[in-house]
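Novice: Before we start, here is the structure in question, set down as structure tokens.
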Amino acid sequence: DAGVIQSPRHEVTEMGQEVTLRCKPISGHNSLFWYRQTMMRGLELLIYFNNNVPIDDSGMPEDRFSAKMPNASFSTLKIQPSEPRDSAVYFCASSLDRYYGNTIYFGEGSWLTVV
Amino acid sequence: ELKVEQNPLFLSMQEGKNYTIYCNYSTTSDRLYWYRQDPGKSLESLFVLLSNGAVKQEGRLMASLDTKARLSTLHITAAVHDLSATYFCAVVTQGGSEKLVFGKGTKLTVNP
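Here the protein sequences line up with chains S and R, keeping their order.
For the first sequence, the numbering used here begins at 3 and goes up steadily by one.
For the second sequence, the numbering used here begins at 29 and goes up steadily by one.
Here it is in structure tokens:
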């Protein structure tokens, strides 16, 4: 299996621009998570989906962030407009049946720098 | 709100030595994960612990879970340089919408 696939791997953008991060979960997994990692705040859960439905988005920082999962094999995390404080590594992860004893697999991450 | 605390946050040890990383959490949970992260890399799953008293071992690493004490340990036996990495524990909240909450990580450096 190819694992969780994220794109882009690296992005540098100017403040105010729209950023779209993409994720393809492992085939057959029905839970998908978006995490953000920074030195200051560590790993934070932004949102998770189960069977393509957003279950909890309480970690989404503000209205500038939005996430969608139009089908079982694709999800996006969008930031509009982007700000320098959004600079972080964004990880997508997937698992079978949420957390019930199943391993949660992480993608390689999208390294975002907003200047 | 579930809080997950790891200690130590930084650990420098010599090859061949043993050490333990501790993970305490603040509210009831019966599911705990350990991950490894190398610099600039993704998170690699090491262990999933599902019940009180669970113990799992892989190579030089052994993880255990005590749900009554809300404590998990990651024991390193006879450390080698290749174990240098950051180790995270993560705990699933219970009730309502479940979330996986991560500790801040323990940066382990194994010196020759």
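For every residue, glycine included, the Cβ atom is placed at its ideal position computed from N, Cα and C.
As a quick exercise: from R:Gln85, R:Gly81, R:Asp66, pick the residue whose alpha carbon is nearest that of Phe75 of chain R.
Specialist: Nearest of R:Gln85, R:Gly81, R:Asp66 to Phe75 of chain R, Cα basis: R:Gln85.
Novice: What span of residues does the beta strand (DSSP E) with Lys80 of chain S cover, start to end?
Specialist: Here the beta strand (DSSP E) through Lys80 of chain S covers 76–81.
Novice: Which partner residues does His103 of chain R have in the DSSP bridge list?
Specialist: In DSSP, His103 of chain R forms a bridge with R:Thr48, R:Met90.
Novice: List, in order along the chain, the chain R residues whose C-beta lies closer than 9 Å to that of Gly44 of chain S?
Specialist: Near Gly44 of chain S (Cβ distances below 9 Å), the residues of chain R are Phe116, Phe130, Gly131, Lys132, Gly133.
Novice: When you compare the segment 77–95 of chain R with the segment 119–134 of chain R, are there three or more beta-carbon pairs, one atom per stretch, that lie closer than 8 Å?
Specialist: Contact between the segment 77–95 of chain R and the segment 119–134 of chain R is absent, because fewer than three Cβ pairs lie under 8 Å.
Novice: Spatial neighbours of Arg59 of chain R within its chain, please: C-beta separation below 8 Å, excluding the five flanking residues on both sides.
Specialist: If we look at Arg59 of chain R and ignore the five residues flanking it on each side, its Cβ neighbours are Val76, Leu77, Leu78, Val119, Val120.
Novice: Please determine, among R:Ala106, R:Gly68, R:Asn139, R:Phe130, the residue with the shortest C-alpha to C-alpha distance to Leu30 of chain R.
Specialist: Closest option to Leu30 of chain R, Cα to Cα, is R:Phe130.
Novice: Could you check whether the Cβ of Ser100 of chain R sits closer than 7 Å to any Cβ belonging to chain S?
Specialist: Closer than 7 Å: no.
Novice: Going by other Cβ atoms of all chains shown within 10 Å of its Cβ, with 16 needed for buried, is Phe51 of chain S buried or exposed?
Specialist: That one is buried.
Novice: Could you tell me whether any Cβ in chain S is nearer than 7 Å to the Cβ of Lys96 of chain R?
Specialist: Chain S contact via Cβ: absent.
Novice: To the nearest angstrom, how far is it from the Cα of Gly18 of chain S to the Cα of Leu114 of chain S?
Specialist: Taking the straight line joining both Cα atoms gives about 14 Å.
Novice: Out of curiosity, what's the CA-to-CA distance linking Phe93 of chain S and Tyr37 of chain S?
Specialist: Between Phe93 of chain S and Tyr37 of chain S, the C-alpha separation is close to 5 Å.
Novice: Rounded to whole angstroms, what is the Cα-Cα separation between Gly30 of chain S and Asp110 of chain R?
Specialist: Rounded to the nearest angstrom, the two C-alpha atoms are 33 Å apart.
Novice: Classify Arg87 of chain S as helix, strand or coil using the three-state DSSP reduction.
Specialist: Reduced to three states, the DSSP call for Arg87 of chain S is helix.
Novice: Please say whether Ser84 of chain S and Val6 of chain S have beta carbons closer to each other than 7 Å?
Specialist: No; because the gap between Cβ atoms is not below 7 Å, this pair is not in contact.
Novice: Judging by CA-CA distance, which residue of S:Lys70, S:Ser75, S:Ala74 is the nearest neighbour of Ile81 of chain S?
Specialist: The residue with the shortest Cα to Cα distance from Ile81 of chain S is S:Lys70.
Novice: Excluding sequence positions up to five away, which residues of its chain have a Cβ less than 7 Å from the Cβ of Gln42 of chain R?
Specialist: Correct list, in chain order: Asn139.
Novice: For Gly111 of chain S, decide whether its Cβ has a neighbour in chain R, counting only Cβ atoms nearer than 7 Å.
Specialist: By this cut-off, Gly111 of chain S is an interface position.
Novice: Please report the Cβ distance between Ala107 of chain R and Lys45 of chain R, rounded to the nearest whole angstrom; I am assuming they are in contact, meaning their Cβ atoms lie under 8 Å.
Specialist: At roughly 6 Å, the Cβ-Cβ gap stays under 8 Å, so Ala107 of chain R and Lys45 of chain R are in contact.
Novice: I'd like to know whether the C-beta of Lys84 of chain R is nearer than 7 Å to at least one C-beta of chain S.
Specialist: Not closer than 7 Å to any Cβ of chain S, the Cβ of Lys84 of chain R fails to qualify, so no.
Novice: Closest Cβ-Cβ distance between Phe67 of chain S and chain R: below 7 Å?
Specialist: No, Phe67 of chain S does not count as interfacial toward chain R.
Novice: Leaving aside the five residues before and after Gln39 of chain S along the sequence, list all residues of the same chain whose C-beta is less than 7 Å from its C-beta, in chain order.
Specialist: Closer than 7 Å at Cβ, skipping near neighbours: Leu45, Ala90, Val91, Phe93.
Novice: Going along chain S, which residues have a C-beta under 9 Å from Leu136 of chain R?
Specialist: Result: empty, since nearest Cβ-Cβ is about 16 Å, beyond 9 Å.
Novice: By the criterion of Cβ-Cβ separation under 9 Å, what are the contact partners of Leu89 of chain R in chain S?
Specialist: Neighbours of Leu89 of chain R on chain S: none; closest Cβ ~16 Å, over 9 Å.
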